[in-house]
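Colleague: Residue 7 is where the first sequence starts when you use my numbering, and the numbers rise one by one after that.
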Amino acid sequence: MSKDQNTNLDDRYNPQNVEARVYAEWEKAGYFKSHDQSNKPPFSIILPPPNVTGFLHIGHALDHTIQDLLIRWKRMSGFNAMWLPGTDHAGIATQSVVEKDLKKQGITRHTLGREKFVDKIWEWKHEYGDRIYRQMRRLGDSCDWDRATFTLDEGVSRAVRKVFVTLYKKNMIYKGLKLINWSGPLETAISDLEVEHKQVKAAIYHINYPVDGTSAFLTVATTRPETMLGDTALCVHPDDERYQQYIGKTVTVPLIHRKIKVIADTYVDREYGSGVLKVTPAHDFNDYKIGKTHDLEFINILNKKTELNENAGPYQGLKVTEARKKVCEDLKALGLLIKEEPHVHSVGHCSRSGAVVEPFLSEQWFMKMDDLAGPAKRVVESGTVRFEPESWSKVYLHWMNIIEDWCISRQLWWGHRIPAWHCEACQEHTVSETDPTQCAKCGSKNIKQEDDVLDTWFSSALWPFSTMGWPDENTHSLETQKTFYPTSYLVTGHDIIFFWVARMILMGLEFKKDVPFRTVYIHGLVRDSKGQKMSKSLGNSVDPIDMIDKYGADALRFSFLAHLFSGKDLKFSEQRLEGYRNFMNKIWNAARFALTNLADFKVPAEGLKALPNAKDMSVFDQWIVTKLADVEKKVDEALEAERFSDAATALYQFIWNQFCDWYIEFTKPTITSSPATQLVMAHVLNRIVRLLHPFCPFITEEIYSKLPLKSEACIIDTYPNIRNDKEFLALGNKQIEAEIDLIKEVITAIRNIRGELRISPAVKLQLRLATNNAKAIEILKTNQTAISLLGRTENIAIGDEGNLNKCAVSQVNSTDLKVKVIIPLEGLVDFNEEVKRIQKTIEKLDKDIALLTNKLSNEKFLQNADEDVVAVDKELLLQSKEQIVLLKEALERFK
RNA sequence: AGGGAGUUAGCUCAGUUGGUAGAGCGCCACCCUUACAAGGUGGAUGUCGCAGGUUCGAAUCCUGUACUCCCUACCA
């Protein structure tokens, strides 16, 4: 790769040569550090902790890019910016990964025993626990690494215990026998939220139950016939005339010959199936409710592996699916299975193992939600916690309204073990922050800690304050909390609003008496280019690290930020990424051009404070400063409004379409001989780099380090906006902006004629610029060189229009200035091409004129529309009419 | 079933108080013009899902409708 001698920059931007080095320098200099005590205003974000043994996926990359943008922007804007990283022990996920690994060696966790198994997971954690942090560094995450926390760290564990004990003492945590969702492969309870409902093609079976003492049958319809082994009643609607006579009678459950009662409850839908419901209170959530109200027997027919147990008689030992098949066969043999129809219905699946979830009656720990939900609703209703986009607050509030007690125990070994000790003597529980040696009730020493661990989300719910040292009361902990709690933003996907966001609010309010964050920024999911969810099984997932290797972290970040629209999912496209890689290269080369031409630039003693004298500045200098002011304003407004893509797009357009396409081109002839232009170039480049930094930190820091005008480092320099950059921006000039816009349009008109008439760029065109406006003449004259250079013309005549015979003519308007661009075509082109070009324009103008005439002849429009709207239309009509006359004349001359 | 989001150029999507539709990519033509071919210049492309309504004027507001997606709940 060739290097420019003056600047030492490669002629292509090569992220591999830059990223790791720049990141190491930032870290070494301590730029990511935040301070418990500071006179700067605080700005804090807690990173949603990724799975400690996981790896960075594309969704994290998006999530982190947004957070890093906010953090870097605020850090540069004078805030004490704190981004706290962390990792999650991810109970089920991590345990199953390690179990799978052991299985390869033929070892199960049970043969290993709890202690050794947990040691194995810790080994695993030590091996892979840093991987995700390394990957975050690749992305450029500017976290305060000193504050990194793991959910099983001692401090966090103390917080978990304190919360558990406190809630237990307030009777908000209890142990009880309830029907819960059970994952067979994992042998643990899972929460409602961990159940995924999927449409499944199955069958519905119609089974006859013989009514005792008669030859009649009651027919029930069921999708899970094997559960009949646990039936303890049949239920009909009390007003259902078909079944009045059977209410109170007994029927016999086929196959196991249990006598059960026929009961009546309005819960039954008469229209559905046969109108008779079989009630299996221990294996169905609806039946559970009926079982409770009617005081039915609860017969558990499954064991922890979701195989049928001793209550299932001859079916004991079978898996659920096997039992279903066998039961059907046996019923068929007895003539009691009278119908079997295909049936599509939704079935709960364990989101971790994929297995069908079985409702299972078991002893679990629960957290009451009733008292907590109210305050958690109010903070969102009042706007103390704001969701962005706002519509998610509805989703949140709806869930708070239907919230049920949270099953917090898991039959796993990896996690926070429940701090409750069961007493063998009195059967009571001792719940304590420190390990007890005897029962708190009876004093017996025969106590044993609960085997279960807490749901991972329990510790996650405390994350905003447990990471800040709560409940420890040392100075560091207290000051951290005082400065950074509540945090400024929580950035996450909508998939964990219930799991996590809601529970952090509940816990924050209960234990910190304040919300955990002010704004919840919800972003969409990253999908593949076809809009499908990315997943390993579909083979469509994209590894962000591969993308960084290929295109650079900055390009990846920019491609996210430029297409981030208010909470919507975004489709990932490598092609688009390539486009932003090109943009990075464009920036690099613009810098390379500037630096080359600033080689002899004399850095003023005042450094960044040195301003050029307005009268030494060229019109182009003043023009670019005016455009810079526009973009600084737009970017500031967009970032404040969380419209990140607007900010990214504004920068993209300014840099590519104004700075590169025009300013650099305009200044090429004069820059090396004009100290004022050099100074402006240095200033504008410096600002471009700073403005871009939060979006693409690596390339900007690298360029910044080579700038003649700079401070210590880009990452901690000031983020420019129209308030703090007033003095420089004041050198812009709106009047001159309009003038240069006119010059741009003249050049574009010339290029347009050349392009459409296919005149080779090698041909220098003759040019006449006709206008009778003295001001316009002056502007055109002063900028002849630029027009000639960028329009590739020679012999420019300014003033009279002269003989238009065999000339291409275009009219250019900018504000009140009108110029005719005239190019003699004799000997250059086939005139037919020009005739076509003119006719095309006439057609378009005809349409416009018809539309405008129609509009302006409508009296109601003139009455109702705003004055300026009417004025603009009138002016447009006038111009169009003038132009069409001009073109028609030109057409005549070609005939 | 209930709730939410969407439908705009070939593709991905913008379009903030209603005023003659925009970007990037792709496409076509010409060009290695000394920052960049990962580039330059020019060009083509849309009944803004469909049907009504409000209005002088609707991609934008209202009603209905079709299709897509997501979430929540679930009837055995």
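Glycine included, every Cβ here is placed at the ideal spot set by N, Cα and C.
Measuring straight from C-alpha to C-alpha, what distance separates Ala-243 and Thr-233?
Modeller: The question names Ala, but residue 243 in the sequence shown is His. If you take the alpha carbons of His-243 and Thr-233, they lie about 21 Å apart.
Colleague: Flag this pair as yes or no: are the beta carbons of Met-373 and Met-510 separated by less than 8 Å?
Modeller: No, Cβ-Cβ distance for Met-373 and Met-510 is not below 8 Å.
Colleague: Near Glu-671, which residues of its chain fall below 7 Å by C-beta distance, leaving aside the five closest residues on each side in sequence?
Modeller: Leu-796
Colleague: With respect to the alpha helix (DSSP H) encompassing Lys-639, which residues constitute its N-terminal and C-terminal limits?
Modeller: Unbroken alpha helix (DSSP H) run through Lys-639: 625–646.
Colleague: Any idea what DSSP makes of Cys-334, helix, strand or coil?
Modeller: helix
Colleague: How should Val-437 be labelled, buried or exposed, when 16 other C-beta atoms within 10 angstroms of its C-beta is the threshold for buried?
Modeller: buried
Colleague: Less than 8 Å between the CB atoms is what I'm expecting for Leu-697 and Glu-638, so what's the real figure, rounded?
Modeller: 7 Å
Colleague: Out of Ala-688, Cys-720, Arg-358, Leu-512, which has the shortest C-alpha to C-alpha gap to Ile-98?
Modeller: Distance check between Ile-98 and each of Ala-688, Cys-720, Arg-358, Leu-512 places Arg-358 closest, using alpha-carbon atoms only.
Colleague: Only counting the same chain, and skipping five residues up and downstream in sequence, which positions put a Cβ closer than 7 Å to that of Gln-22?
Modeller: none
Colleague: Decide if Thr-683 is buried, meaning its Cβ has at least 16 other Cβ atoms within 10 Å, or exposed.
Modeller: Answer is buried; the Cβ neighbour count reaches 16.
Colleague: Can you name the start and end residues of the alpha helix (DSSP H) that Phe-490 belongs to?
Modeller: 481–490
Colleague: Any idea what DSSP makes of Cys-241, helix, strand or coil?
Modeller: strand
Colleague: Tell me whether the beta-carbon of Pro-48 lies closer than 8 Å to the beta-carbon of Met-88.
Modeller: Contact: yes.
Colleague: What do you get for Pro-55, buried or exposed, if any count of 16 or more other CB atoms within 10 angstroms of its CB means buried?
Modeller: Burial of Pro-55 is indicated by the presence of at least 16 other C-beta atoms within 10 angstroms of its C-beta.
Colleague: Answer with buried or exposed for Gly-182, where buried requires no fewer than 16 other C-beta atoms within 10 angstroms of its C-beta.
Modeller: exposed
Colleague: I'd like the ranges of any beta strand (DSSP E) spanning at least 3 consecutive residues and lying wholly in the segment 351–378.
Modeller: 364–373
Colleague: What residue does the beta strand (DSSP E) around Thr-2 start on, and which one ends it?
Modeller: For residue 2 there is no data in the structure shown, the boundaries of the chain being 7 and 901.
Colleague: Work out the CA separation of Gln-370 and Ser-415 for me, nearest whole Å.
Modeller: 6 Å
Colleague: Are Ile-127 and Thr-100 close, meaning C-beta to C-beta below 8 Å?
Modeller: yes
Colleague: Extract the residue ranges of the alpha helix (DSSP H) inside the segment 732–790, only unbroken runs of 4 or more that lie entirely within it.
Modeller: 732–735, 740–762, 780–788
Colleague: Taking C-alpha atoms, which residue in Asn-546, Lys-284, Ile-424, Tyr-294 lies nearest to Ala-165?
Modeller: Ile-424
Colleague: In its own chain, which residues sit with a C-beta less than 6 Å from the C-beta of Leu-713, not counting the 5 before and 5 after it?
Modeller: Asn-692
Colleague: If we ignore side chains and look at the alpha-carbon of each, how far apart do Gln-487 and Arg-78 end up?
Modeller: Looking at the two C-alpha atoms, the distance is approximately 21 Å.
Colleague: Would you tell me roughly how many angstroms separate the C-alpha atoms of Ala-782 and Ile-749, rounded to the nearest one?
Modeller: 10 Å
Colleague: Assign Cys-429 to one of two classes, buried (16 or more other C-beta atoms within 10 Å of its C-beta) or exposed (fewer than that).
Modeller: buried
Colleague: Where does Gln-101 fall in DSSP's three states?
Modeller: In the three-state DSSP reduction, Gln-101 falls in the helix class (H, G or I).
Colleague: So, with DSSP's three-state summary, where would you put Ala-87?
Modeller: strand
Colleague: Shortest alpha-carbon distance to Gly-60 belongs to which of Ser-102, Gly-84, His-500?
Modeller: Ser-102
Colleague: What three-state label does DSSP hand Arg-392 in the structure shown?
Modeller: strand
Colleague: Using 8 Å as the threshold, is the C-beta distance between Lys-204 and His-355 below it?
Modeller: yes
Colleague: I need the straight-line Cα distance from Ile-722 to Tyr-134, nearest angstrom please.
Modeller: 32 Å
Colleague: Which word fits Leu-831, buried or exposed, when buried means at least 16 other C-beta atoms lie within 10 angstroms of its C-beta?
Modeller: buried
Colleague: To the nearest angstrom, report how far apart Gly-84 and Glu-410 are at their CA atoms.
Modeller: Approximately 44 Å, taken between the alpha carbons.
Colleague: Is the beta carbon of Ile-296 closer than 8 Å to that of Tyr-273?
Modeller: yes
Colleague: Assuming Ala-877 is part of the alpha helix (DSSP H), what are its boundary residues?
Modeller: 873–900
Colleague: Hey, could you find the ends of the beta strand (DSSP E) Asn-860 is sitting in?
Modeller: For Asn-860, there is no enclosing beta strand (DSSP E); the residue is part of the alpha helix (DSSP H) that begins and ends at 837–862.
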